[in-house]
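Student: Starting off with a structure, shown below.
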Amino acid sequence: MKKYTVTGMSCAACQARVEKAVGKLPGVTSCSVSLLTN
1 MKKYTVTGMS CAACQARVEK AVGKLPGVTS CSVSLLTN
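Under full-length UniProt numbering, residues 1 to 38 are what the sequence shown spells out, in order.
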């Protein structure tokens, strides 16, 4: 498992966009983005 920090998210739409984009990357089997820990 790898963990990345993404800054600048301010709403659920940002969270969904990041989750969708990362989920499409080659080799990614699952992705979870937490707005609370931003």
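Ideal placement from N, C-alpha and C gives every residue a C-beta, glycine not left out.
Run the CB neighbour count on V6, radius 10 Å, all protein chains shown included, and call it buried at 16 or more, exposed below.
Tutor: When all chains shown are included, V6 counts as exposed.
Student: Evaluate V28 with the Cβ neighbour count: other Cβ atoms within 10 Å of its Cβ, from every protein chain shown; 16 or more gives buried, anything less gives exposed.
Tutor: Exposed, by the Cβ-count rule.
Student: Are the CB atoms of A12 and L35 nearer to each other than 9 Å?
Tutor: Taking 9 Å as the Cβ cut-off, A12 and L35 qualify as a contacting pair.
Student: According to DSSP, is G27 part of a helix, a strand, or is it coil?
Tutor: Here G27 sits in coil by DSSP.
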